[in-house]
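In what follows, a structure is listed as structure tokens, so that the remarks can point back to it.
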Amino acid sequence: MVFEDEAGQSMTPPCSRTWRRIGRTPVVRVRGRGSGRVSMAGMTCYKPGERSWLIYAIREYRGRKGEPKGFGWRDLRDLLVRARIQLGGPIVLVWDNVRLHLTAGMREFTAANAAWLTVFQLPTYAPDLNPQEGIWSLAKRDLGNLAAADLGQITRAVKRRLKQIQYRPDLVDSCLAGTGLIMDD
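Per the numbering used here, the very first residue in the sequence shown carries number 78; after that it's consecutive.
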């Protein structure tokens, strides 16, 4: 069972808690607001009796002419093919109803590969059922206190955190447990 989702991070850091002397509100000044975005696509992969997997891809958008802002259906197709190769078997894919998943090209791809790919759509507005949302939460937790000087620094921080999560299958499992869904053997 594979859960897929996309997320992004801009130069504006997410709200986070920090400390400072009582009565003095901490202020972190960030420059470069709106000058780029890091897009992430990820898959949490579960198979009863085996270790959980995290497979992801990252793309930077710097605002250049002709540069794609995020992932397209071909990028997701390539990520699915990569997941099939790494997992070594058929995939039962669960994802949300974002427009990218419903494009004609993606529908044709899933229909052409029905032998190894079965797709289920999550209900509308149900991010709490997708364990990949928990992965994004874990990855972005470290970005809260990062005052990045450039987009590359955010990209490196995201890659480093996703790599740490990737080597901790217990964290990937805990994201599934956080949804309330269970995998039977």
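Every residue gets a Cβ at the ideal spot worked out from N, C-alpha and C, and that includes glycine.
- Under the 10 Å beta carbon count, Phe197 is surrounded by fewer than 16 other beta carbons and is classified as exposed.
- One Cα belongs to Pro246, the other to Arg161, and the distance between them is close to 18 angstroms.
- With contacts defined by Cβ atoms closer than 8 angstroms, Gly149 and Ile132 do not form a contacting pair.
- Where Phe148 is concerned, there is no enclosing beta strand (DSSP E), because DSSP gives it neither an H nor an E.
- In the DSSP assignment, Phe80 forms a beta bridge with Thr121, Val171.
- For Ala188, the enclosing alpha helix (DSSP H) covers residues 181–189.
- Burial state of Asn207 is buried, judged by a 10 Å Cβ sphere holding 16 or more other Cβ atoms.
- Scanning Ile212, Val235, Pro204 for the CA closest to the CA of Leu248 turns up Ile212.
- Between the C-alpha atoms of Ser87 and Pro200 there is a straight-line separation of about 27 angstroms.
- Listed in chain order, the non-local C-beta contacts of Met78 below 6 angstroms within the same chain comprise Tyr123, Val169, local neighbours out to five positions each way being set aside.
- Judged by their CB atoms, Gly85 and Gly140 are not nearer to each other than the 8 angstroms cut-off.
- With a threshold of 16 other beta carbon atoms within 10 Å, Asp205 falls short and is exposed.
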